[in-house]
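Participant: Mapping of the sequence shown onto the UniProt record's numbering: position 6 corresponds to residue 6, and the numbering continues sequentially without gaps.
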Amino acid sequence: MQGTPFLAEWAPGELCGSMLRLFIYGAFIRLTRGKDVKEDQTRRRRPRSDGRKNRERLLETARTAFGSGEIDIPLDEIARRTGVWIGTLYRHFANRDALIEAVYRDELNRLAAAATRLAETHAPVEALRAWLNLFVDYIATKQVIAPALNSLIGGTDAIYADSRTVLTAAIGGLVTRAIESGDIRPDIEPVDLLCALGGVSNYATGPGWEPRAKRLVDVLIAGSRPEG
């Protein structure tokens, strides 16, 4: 038996009236509620935006404290200096370990992002030089929080493995550009430059080591130049 088309189940008046009500009231609802929906979406976005800003501010406070040697600073003091409640801190970082790891990963992500930014704004060899100087700053941060990182529950193998991957990829693009421009020799490996500067971390304890490390950057760049 042939099936009855869907529209045939509706009487013409009922169909017309139902569709008319749908179009009129549906459009009316959309028109009258559009402003309210936008305002509601804005209200929902604002807490998320504020949350991101608070997280960034907490990381900046912790980074500054750790960088000045306050590695054992209480979490409530970090919250106080940031100007937020301690509950806000715990909303973003479950415990001290989480905050320390977040500071380290944030520094790592900044360094990776800097490689892209420098490649877009500097000549190839100068982008590489500038990034290596930033790498020295990264070593300084890592040295300060290394004792805390090493005490993290679960260890640091995954964290350091991630850092090697991120750093190698970041410097790799800069080295490739410098080779292609003829500014450095094609036999230069990115990991060689990282290892050379990484070795400085063994002496990153006394005053004045950072300027010396940054002078080493100039030595590495000069030594990487093509012969002749």
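Beta carbons: idealized from backbone N, C-alpha and C, even for Gly.
1. Going by Cα to Cα distance, which pick from V125, A113, L134, G51 is closest to T176?
2. Measuring alpha carbon to alpha carbon, tell me which residue in A119, L134, N133 is nearest A127.
3. Provide the residue span of the alpha helix (DSSP H) that contains W85, from first to last.
4. Out of curiosity, what's the CA-to-CA distance linking E101 and V191?
5. Do you know whose CA, among G51, V136, G173, W131, lies nearest W85's CA?
6. Keeping to the same chain, check which residues put their C-beta closer than 8 Å to that of G67; ignore five residues upstream and five downstream.
7. Beta-carbon separation of L193 and L132 under 8 Å?
8. Take A170 as the anchor and find which of T116, G199, R185 has the nearest alpha-carbon.
9. Please go through the same chain and pick out, in chain order, the residues whose beta-carbon is closer than 6 Å to the beta-carbon of F23, but skip the five residues on each side of it.
10. Assuming E210 is part of the alpha helix (DSSP H), what are its boundary residues?
11. H122 by DSSP, collapsed to three states: which one?
12. What is the C-beta distance between L89 and L59, in whole angstroms, given that I count them as a contact (C-beta under 8 Å)?
Facilitator: So, from the listed chains and residues:
1. V125
2. A119
3. Per DSSP, W85 belongs to no alpha helix (DSSP H) and is neither H nor E.
4. 24 Å
5. G51
6. A140, T141, V144
7. yes
8. T116
9. Since pLDDT at F23 reaches only 36, below the 50 mark, its modelled position is unreliable, and the value read off the structure follows with that caveat. Correct list: empty, nothing qualifies.
10. 209–223
11. coil
12. About 11 Å separates the two Cβ atoms, so there is no contact after all.
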